[in-house]
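Asker:
Residue numbers (the numbering used here): 16 to 306.
Now the structure itself:
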């Protein structure tokens, strides 16, 4: 039974049962506070339960952390369109790192193939290009994932407060609070949120056991998920998986508040733009032409 089914079944009898003094549902996991409001002891108990749940399901030990945002850090991402070759290695590195479903496939990164003569034209972009060799002549490639907006429409649209922006700029989701209404998906102008229509299929041998509560723990059917800049990696001083795997060095990542960071250098010295700037979402994901 998922959260919505539980609430529906409870609604018809909760009032009578509570009046009779035989039901106190507020102590259960279904009614716990939001993750941001929990006491440290409650967080520790939840993480322990998740580790146990993953071990039972996959027969593999897992570590589920909840590392907080680092002080003085605001993460930013830059992508060099002139270098991207459309190989999609980033797509599948993301899948492996973040425990996305393989059946059905869920990709947090989409790579769009576009014609150079048209420029950036989403109406004519091809997300399902199948080429023997990339890059194809006369084309360029535009990868899209969560833009980690400062003025995030998804956060504003969520009716239960299940998604919010962390101090380091990462827009996160508490999967235990998500009710699957998909309002955030409708609000996102970048198509960066994805719904689990079925119980996610993650092969046990491919499970990444290094997890974060707000990131790559295995999600359940009926919730929305998205890119978190590999929160389980970046808060431990590592690059996102897509940055590490890129064979041409098209992806840059770093602290926007650090004047010596690579991403700040890009912003100050390259021709930079953001997608759909007219919507005033103010992304932390920048595109540039390095060549």
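Glycine included, each C-beta is placed from N, C-alpha and C at the ideal position.
With distance defined between alpha-carbon atoms, name the residue in 111, 150 and 67 nearest to residue 256.
Answerer: Residue 256 sits at position 241 when you count from the first residue of the chain shown. Of the listed residues, the one whose Cα sits closest to residue 256 is 111.
Asker: Between the Cα of residue 107 and those of 204, 88, 78 and 120, spot the shortest distance and give me the residue it belongs to.
Answerer: Counting from 1 along the chain shown, the entry for residue 107 is found at position 92. Closest option to residue 107, Cα to Cα, is 120.
Asker: Check each candidate in 75, 84, 152 and 66 and name the one with the smallest Cα separation from residue 51.
Answerer: Taking the first residue of the chain shown as position 1, residue 51 is located at position 36. Of the candidates 75, 84, 152 and 66, the one whose C-alpha sits nearest the C-alpha of residue 51 is 84.
Asker: Count the other CB atoms within 10 Å of the CB of residue 293; is the residue buried (16 or more) or exposed (fewer)?
Answerer: For this step, residue 293 is matched to residue 278 along the chain shown. Counting Cβ neighbours within 10 Å, residue 293 comes out exposed, since fewer than 16 surround it.
Asker: Ignoring anything shorter than 4 residues, give me the alpha helix (DSSP H) runs that lie fully in the stretch 161-218, in order along the chain.
Answerer: Listed in chain order, they are 168-172 and 198-202.
Asker: Measuring only the C-alpha atoms, how far is residue 134 from residue 306?
Answerer: Numbered from its first residue, the chain shown carries residue 134 at position 119. Numbered from its first residue, the chain shown carries residue 306 at position 291. Rounded to the nearest angstrom, the two C-alpha atoms are 16 Å apart.
Asker: Within 10 Å of its beta-carbon, does residue 297 have 16 or more other beta-carbons around it, so buried, or fewer, so exposed?
Answerer: As a working mapping, residue 297 is identified with position 282 in the chain shown. Result: exposed.
Asker: Applying the criterion that 16 or more other CB atoms from any shown protein chain within 10 Å of the CB defines a buried residue, is residue 287 buried or exposed?
Answerer: Taking the chain shown and counting its residues from 1, the one referred to as residue 287 is at position 272. With fewer than 16 Cβ atoms within 10 Å of its Cβ, residue 287 is classed as exposed.
Asker: Go to residue 338, then tell me how far its alpha helix (DSSP H) extends in each direction, as first and last residue.
Answerer: Nothing can be reported for residue 338, as the shown portion of the chain is limited to 16 through 306.
Asker: How many Å lie between residue 104 and residue 125 at the Cα?
Answerer: Mapped onto the chain shown, residue 104 falls at position 89. Mapped onto the chain shown, residue 125 falls at position 110. In a straight line, the C-alpha of residue 104 is about 11 Å away from that of residue 125.
Asker: With 16 as the cutoff for other CB atoms within 10 Å, does residue 158 come out buried or exposed?
Answerer: The sequence position of residue 158 within the chain shown is 143, counting from 1. Buried, by the Cβ-count rule.
Asker: Could you give the residue range of the alpha helix (DSSP H) that holds residue 145?
Answerer: On the chain shown, residue 145 is found 130 positions in, with the first residue counted as 1. Note, residue 145: premise wrong, no alpha helix (DSSP H); not H, not E.
Asker: Among 74, 170 and 56, which residue has its Cα nearest to the Cα of residue 201?
Answerer: Stepping through the chain shown from its first residue, residue 201 is reached at position 186. Looking at the Cα atoms, 170 is the closest of the given residues.
Asker: Please report the residue range of the alpha helix (DSSP H) in which residue 107 lies.
Answerer: Here residue 107 is taken as the residue at index 92 of the chain shown, counted from 1. It spans 104-112 - the alpha helix (DSSP H) in which residue 107 sits, taken as one unbroken run.
Asker: Cβ of residue 173 within 8 Å of Cβ of residue 203?
Answerer: Here residue 173 refers to the residue found at position 158 of the chain shown. Here residue 203 refers to the residue found at position 188 of the chain shown. No; because the gap between Cβ atoms is not below 8 Å, this pair is not in contact.
Asker: Going by DSSP, what residue range makes up the beta strand (DSSP E) through residue 57?
Answerer: Counting from 1 along the chain shown, the entry for residue 57 is found at position 42. That residue, residue 57, is in no beta strand (DSSP E); its alpha helix (DSSP H) goes 55-73.
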